[in-house]
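Asker: Below: one structure in structure tokens.
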Amino acid sequence: MPRPDDVLRFWLDEVGPDGWYVADDALDATIRDGFGALVDRAADGGHCDWATTPRTALAYLVVADQFSRNVHRGDGRAYAADRWARAIAKLALRLGWDMAVPEPGRQFFYLPLMHAESLQDQERGVRLILLRMPRTGAQNLLHARAHREVIRRFGRFPHRNADLGRATTAAEAAFLDQGGYGGVVRRLQEG
Numbered sequence: 001m002p003r004p005d006d007v008l009r010f011w012l013d014e015v016g017p018d019g020w021y022v023a024d025d026a027l028d029a030t031i032r033d034g035f036g037a038l039v040d041r042a043a044d045g046g047h048c049d050w051a052t053t054p055r056t057a058l059a060y061l062v063v064a065d066q067f068s069r070n071v072h073r074g075d076g077r078a079y080a081a082d083r084w085a086r087a088i089a090k091l092a093l094r095l096g097w098d099m100a101v102p103e104p105g106r107q108f109f110y111l112p113l114m115h116a117e118s119l120q121d122q123e124r125g126v127r128l129i130l131l132r133m134p135r136t137g138a139q140n141l142l143h144a145r146a147h148r149e150v151i152r153r154f155g156r157f158p159h160r161n162a163d164l165g166r167a168t169t170a171a172e173a174a175f176l177d178q179g180g181y182g183g184v185v186r187r188l189q190e191g
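If you count the sequence shown from 1, position 2 lands on 2 in the numbering used here, and the numbers rise without skipping.
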């Protein structure tokens, strides 16, 4: 079973910032093959014991909040560990562990808040990126604001509806037809 250092070496050093947010079938398969068992255990509450140091908590958040989206892309299981990731992120933030991790890796302490279907968590995520990522946070701040805008408008992420078996409202369907999240990002970039 991979350990926290294996997760961080792969994600921070091998994949790196250029690959973190790219939908890539080959990367998804690599993560599934190498870390899929960790993801599935995290969805069941496993590996929370990794939250004992800043680095091991960071590794947990990468598994629960990032790898889960790669391993289960297009499937509701992509979000199965989100509640655990938020809990560990909030613990780590309370302990100041995010500040022990250099940018840009620090962002993974804030992403569980950005992925939450909670306006309070969204607001906190925006503030944290604004205040605690001065060097590399500009692009993250744009996306944090876009996530927050979607939650402000709908109270949930409409693009998840199909994956989670939720009915899509007429307003959400119109939003998705008009570019959805990507449309919000473009509008914020222009404004």
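We treat Cβ as the ideally placed atom computed from N, Cα and C, and that holds for glycine. Given the structure is predicted, the values throughout are model-derived calculations rather than measurements.
1. Taking the beta carbon of L91 as the centre, do at least 16 other beta carbons fall within 10 Å, making it buried, or is it exposed?
2. Would you say V7 and V62 are within 7 Å of each other, going by their C-beta atoms?
3. Which word fits R3, buried or exposed, when buried means at least 16 other C-beta atoms lie within 10 angstroms of its C-beta?
4. Check whether the Cβ of R106 sits closer than 6 Å to any heavy atom of the ligand ZN, and report yes or no.
5. CB-CB under 7 Å to F157, same chain, minus the five flanking residues each way: which ones, in chain order?
6. Identify the continuous alpha helix (DSSP H) that holds V7 and give its terminal residues.
7. State the start and end residues of the unbroken alpha helix (DSSP H) segment that holds P54.
8. In the DSSP assignment, the alpha helix (DSSP H) including E103 goes from what residue to what residue?
9. If the criterion is Cβ atoms closer than 7 Å, does the pair R69 and A78 meet it?
10. Given this structure, state the Cα-to-Cα distance separating D163 from A80, to the nearest angstrom.
11. When the Cβ atoms of the stretch 41–51 are set against those of the stretch 9–22, are three or more pairs found closer than 8 Å?
12. Taking 7 Å as the limit between beta carbons, can you name the residues of its chain near R41, skipping five residues before and five after?
13. Give me, in chain order, the residues of the same chain whose beta-carbon lies closer than 7 Å to that of M133; leave out the 5 immediate sequence neighbours on both sides.
14. Output needed for D24: all residues of its chain with C-beta closer than 7 Å, excluding positions within five of it in sequence on either side, in chain order.
15. Quick one: residues in its chain with C-beta nearer than 6 Å to the C-beta of L113, no 5 flanking neighbours on either side, listed in chain order?
16. Taking only three categories from DSSP, how would you classify D75?
17. What would DSSP say about Q178, mapped onto helix, strand or coil?
18. Among residues of its own chain, excluding the 5 on either side of G179, which ones have a beta-carbon nearer than 8 Å to its beta-carbon?
Answerer: Per the coordinate set shown:
1. exposed
2. yes
3. exposed
4. With respect to the ligand ZN, the structure shown offers nothing to examine, as it has no ligands at all.
5. E117 and V150
6. Per DSSP, the unbroken alpha helix (DSSP H) holding V7 starts and ends at P4 to L8.
7. P54 to L61
8. Neither: E103 is in no alpha helix (DSSP H) and is coded neither H nor E.
9. yes
10. 11 Å
11. no
12. H47
13. Excluding residues within five positions, the ones whose Cβ falls inside 7 Å are E103, R106, Q107 and N140.
14. none
15. So the list reads D121, R124 and G125, once near-sequence residues are dropped.
16. coil
17. Q178: coil per DSSP, three-state reduction.
18. R186
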